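In this text, residue positions in the sequence shown follow the UniProt record's numbering: the first is 1, and each later residue adds one.
Note that beta-carbon positions come from the ideal geometry of N, C-alpha and C, so glycine has one too.
In this text, all values refer to a predicted model and were calculated from it rather than measured experimentally.
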Amino acid sequence: MVSTAGEDMNVRRPWTGRGRAEPWEGPALRRTREILCAGARERTLEVGVGTGANLRYYPPQVRLTAIDTDSAALASARKRSEELGLVARFTEGDALSLDFPDEGFETVVCMLALDTVDDRARALREMYRVLVPGGRLLAAERIPRARLLPRLSARRREHRRAPREEAAEAGFRVGHHDRLFFGTVERMVAHRP
Numbered sequence: 001m002v003s004t005a006g007e008d009m010n011v012r013r014p015w016t017g018r019g020r021a022e023p024w025e026g027p028a029l030r031r032t033r034e035i036l037c038a039g040a041r042e043r044t045l046e047v048g049v050g051t052g053a054n055l056r057y058y059p060p061q062v063r064l065t066a067i068d069t070d071s072a073a074l075a076s077a078r079k080r081s082e083e084l085g086l087v088a089r090f091t092e093g094d095a096l097s098l099d100f101p102d103e104g105f106e107t108v109v110c111m112l113a114l115d116t117v118d119d120r121a122r123a124l125r126e127m128y129r130v131l132v133p134g135g136r137l138l139a140a141e142r143i144p145r146a147r148l149l150p151r152l153s154a155r156r157r158e159h160r161r162a163p164r165e166e167a168a169e170a171g172f173r174v175g176h177h178d179r180l181f182f183g184t185v186e187r188m189v190a191h192r193p
């Protein structure tokens, strides 16, 4: 779906049966999924699992819990998980209020999902909260359009910083980070000190 200049960029669009990242999918994104998910350890939370595009890339020892706000997408992820023989727990949930205890996960994975929430900083603080000390955030996120096309963007002001800057403000220590797709996607590994 193409947005118009006057359209509110923060309104969630209805699920169309395709994954959120489908227009981006290609060898580079598949490799990014493979690299980031391979870094998942023990108890792992995937925030914004969508239709489950990452599921095939998790190591077998991971105990995966996956959330999304979209029940239809979750049903697709569950089905994909069954087809892969992956044991995972899927639940409807919101990144702004993760219904999990403090320090409950060793890893949080978030792939191209932060731009679907209204308050990225709050979502990152929630991810920080549920990680154990030393836990890691593995993420790939779109660089906000405001940074690329400042005069044409309809995004709110708080969406104008790079994901790694927002992660650092949430308390994470950002390690590796780089950009893909001509600078439009930032990949990062961050740790909770």
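In the structure shown, D102 falls within a coil segment according to DSSP collapsed to helix, strand and coil.
Across the structure, A95 and V185 are spaced so that their CA atoms are roughly 20 Å apart. Judged by DSSP in its simplified three-state form, L96 adopts coil rather than helix or strand. Counting other Cβ atoms within 10 Å of its Cβ, V109 reaches 16 or more and is therefore classed as buried. Scanning the UniProt domain "Methyltransferase type 11" (45-138) from its first residue to its last, the whole beta strand (DSSP E) runs of 3-plus residues come out as 63-68, 88-92 and 105-111. Boundaries cannot be given for E42, as no beta strand (DSSP E) includes it and DSSP labels it neither H nor E. With respect to the 8 Å criterion, A66 and V49 are classified as neighbours on the basis of their beta carbons. Annotated three-state conformation of A190 is strand, per DSSP. Spatial neighbours of D102 in its own chain (CB-CB distance under 6 Å, excluding positions within 5 residues in sequence) are listed in chain order as R129.
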